[in-house]
Each structure stands twice: as structure tokens, then as C-alpha cells.
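In the working numbering, the protein residues as written are 1 to 397.
Ideal placement from N, C-alpha and C gives every residue a C-beta, glycine not left out.
Values in this document were obtained by computation on a predicted structure and should not be read as measured data.
Okay, so here's the structure we're looking at.
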């Protein structure tokens, strides 16, 4: 019997089972489809759909784009959002990635953004504060977001902008602003005041040492000194030259008395040496500084002694300072080998013990053949010391 289609036909080899096919399996009915959502009728009626009935060729909705995410709903527990089909729960990170309007992340996003901006602002302000309140914007190495936050701080008044890309905190020291503007270092009188050296008068205009070729117009009347070398200085350090360079610049550009007072104090305290200062006084433009360096002394104990010595030397009087006499000690000045000049500052000779001690020294000097003479600070500043010494020398045999 032969089988053709669904009919059986007898034939050769029917009993042996040759040339036979198995009957096909019946088709499985299609799973029920979820009702469609109509734009006017509202949400569809609830339909029970088993997770095994999902077609293997169509992934669940939580694997699709966020705009097609229709199978998530808020869960009654604190675990977040739950899927209808697989029961999977999405945490806060998943809600943030999918930008769902349900849950608490939608309401926390503005607060998180403001907190992040505040952290970035605090970081910028801290870095500028560590740089002594002023810095070039290029030295901050900010990305685009950082530059936006920097501009927001400027608009809010927490920072101030200056020419050539300088940003600073309000109330920053003007010396710092000048140094940042010119990419240089503070020198001369303001540098001497920074190192605590005595000055006859308060510093006036700011002098700044700038790299050669950087010629920017002054903003606050500052004076520039150019140098070929470029000093490498951290932003956290005060932008000032070394003490030896400060003394060298003072000897070249400041008034002679001002320069010698600061130089004598630095040399007397051992904070620098003549060799270190002379290293910055090379070249044809430093002749004045080299000549003034020869007049400095490391034995001058006060600015008053420096001024008296300079006045007597200018008058052509041979004077020595800081001499030590046996049984007396160190005296201020000695002229012509026998005239001892003592300078009385009110702050050092106002008590009774100092008064009696000075008189004992005078008697010992007379006993050894010296002639002691005393001058006050007013006598020195007015120049009277020169006329009095010349008169004494002229009457001496």
C-alpha cells in the first residue's frame, strides 16, 4: 500500500515500510496578544500574560528604549520599580539612566546638579586661595565645564577678572596681582619689607622683575625690571625675588641711604653675603650697584649707624664702625683713631641702667685716651653730626 498525501495506496514494498514519511506535528496555537492602547480611550484592561508566553524574538520592554518602557510601574516597596513580565526591580542607577518620571530620582536631579556645581565652585575657589588669591586662568588648566563655573563665580561677584586672564579673590594684595599680571617677582623696597629689613620710609611704588620681552602696560604705576632668566616659583609661594637679588636691585635703583640701610642689615644678620649680592651686579648697567656695595658694612647694628657713617664718609672723614675696644666693648663709630662717636636711640637708652652703663663706658674711654662724643637720632638725621665732628677735628692738635 502506498501513501500519497493523506490517502493510502497499496503497492510494492508496502509491508516492509520502505518509502514511508512520518506524519507532521500539529501547529501550536499563537499566544494571546495584549490589547493596544488607544489614545482616547485610556489604558487597556488588565490582561493576564505569563512570562513564558513572551516571544523569544521580541525582548521585554525593559530592554528597549526608555520611551517605549511601558511595562514598569512603581513598586509598593522601597526597592524601586518592578517589571510586569519578569519581576525585575530597577534601582536608582537604572532610573537615572532611563530618566523615568516616576520615583524620587526625578525630584533629586536638580539638587544633585546644584550640589555638584557647588563642589566644583569650592574647588576652584580653594585653588585660587592656595595661590595667594590671584592666578592666571591658564594656570588652572580648566576644562569647558570648569571655565563655565569660573565665569559663574565672576558673575556672582565671588571672583574678579583683571586684564591678561588674571582672576582673583576680592581684596587680594595688589603686589600679588602685579606679579601675576607681569608673570614676574616682587623686588626692591617691597621685597625688602617682605624680608623684614629696615627701611627709612614705607615702600612706595611696586617694582617687579619680569621676563625679557614681556612688556605690558602698568596698571597701578608699577616699575618693571627685565631679566633674561626665568624663575620657577610655585603658585603657593609669595612671588618675591631672593634676598641677594633684592639687595642688588636696591643698590641699583633705590636711594643710596635706603639701599645701604637694607644692605647693612642683611649683611649684619648674616642672611646674605657680598659674594651672593655681587653675583647679580654684573654687566655695564650695574656699575652703580657695584660702587654702592663697596660702601656697605656688615658691622652696622642699626640704620642710625649706617646714616651717620654715610654722612661722614661723604664729607671726606675717615670713619670706622663696629670697633671693639678692650674693657669697653663694641662702639658705634671711631673717627681718626681717637674720636669715639656713640649714637643714642631713645628706644635703647631710656632706662636708668642703660644711662649709668653708658657713663661708665665714657669714663673708661677717657682713661684709655679716647674722646667720646654722643649724638641723638635728630642730630644724625638733620646732618648736624657732620659739622660738629669737623669742628672737633679742626680744634684737635
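Reducing DSSP to helix, strand and coil, say where residue 249 ends up.
Reduced to three states, the DSSP call for residue 249 is helix.
Buried or exposed: residue 239, going by 16 or more other Cβ atoms within 10 Å of its Cβ? It counts as buried.
Please state if the CB of residue 167 and the CB of residue 137 are separated by a distance shorter than 7 Å. The answer is yes: Cβ separation under 7 Å.
Residues near residue 303 by beta carbon distance below 7 Å, same chain, minus five either side: Closer than 7 Å at the Cβ level, and outside the excluded window around residue 303, lie 198, 200, 261.
Note to self: Suppose the cutoff is 8 Å on Cβ atoms and the five residues either side in sequence are ignored; what does the same chain contact list for residue 309 look like?
What the structure shows: The residues are 297, 300, 319, 321, 333.
| request: Grab me the residues of residue 243's own chain with a C-beta within less than 7 Å of its C-beta, minus the 5 sequence neighbours each way, in chain order. | output: Answer for residue 243: 195, 266, 271, 272, listed in chain order.
Exercise. Where DSSP assigns a beta bridge to residue 375, which residues make up the other side?
Worked result: Note: residue 375 sits in a beta bridge opposite 343.
Worksheet entry | residue 141, buried or exposed, once every other Cβ within 10 Å from all chains shown has been counted against 16 | Residue 141 is exposed by the Cβ-count criterion.
How should residue 147 be labelled, buried or exposed, when 16 other C-beta atoms within 10 angstroms of its C-beta is the threshold for buried?
Exposed, by the Cβ-count rule.
**Report entry** In DSSP terms, what residue 226 is bridged to
**Finding:** Paired residues: 210.
In whole angstroms, what separates the C-alpha of residue 327 from that of residue 129? Taking the straight line from one Cα to the other gives about 56 Å.
query = CB residue 252 to CB residue 286, shorter than 7 Å?
reply = Yes, the pair counts as a contact, with Cβ atoms nearer than the cut-off.
The beta strand (DSSP E) enclosing residue 294, as first and last residue numbers
Judged by DSSP secondary structure, residue 294 falls outside any beta strand (DSSP E); it is assigned neither H nor E.
Identify every run of the beta strand (DSSP E) within the segment 297-324, keeping only runs that are complete inside it and at least 3 residues long; order them along the chain.
Complete beta strand (DSSP E) runs here, min 3: 319-321.
Point to revise | Euclidean distance between Cα positions of residue 379 and residue 179 | key: Distance from the CA of residue 379 to the CA of residue 179, rounded to the nearest whole angstrom, comes to 40 Å.
Worksheet item: Is residue 229 near residue 209, with beta carbons less than 7 Å apart?
Response: Cβ distance not < 7 Å, so residue 229 and residue 209 don't count as in contact.
Use the C-beta contact count for residue 190: other C-beta atoms within 10 angstroms, 16 or more gives buried, fewer gives exposed.
Per the 10 Å Cβ criterion, buried.
Query raised in the report: Alpha carbon to alpha carbon, how far is residue 157 from residue 187?
Result: Linking residue 157 to residue 187 through their CA atoms gives a straight-line distance of about 31 Å.
Quiz item: Can you tell me whether residue 356 is buried or exposed, with buried defined as 16 or more other CB within 10 angstroms of its CB?
Solution: Around the Cβ of residue 356, a 10 Å sphere holds fewer than 16 other Cβ atoms; the residue is exposed.
### Query
So what's residue 162 in DSSP terms, helix, strand or just coil?
Residue 162: strand per DSSP, three-state reduction.
Notebook entry, point to check: CB-CB under 8 Å to residue 387, same chain, minus the five flanking residues each way: which ones, in chain order?
Noted result: Once the five neighbours on either side are set aside, residue 387 has no close Cβ partner at all.
- Find the nearest neighbour of residue 204 within the set 227, 215, 214, 174, judged by alpha-carbon distance. The shortest Cα separation from residue 204 among 227, 215, 214, 174 belongs to 174.
How many angstroms separate the CA atom of residue 192 from the CA atom of residue 335?
The alpha-carbon atoms of residue 192 and residue 335 are separated by roughly 31 Å.
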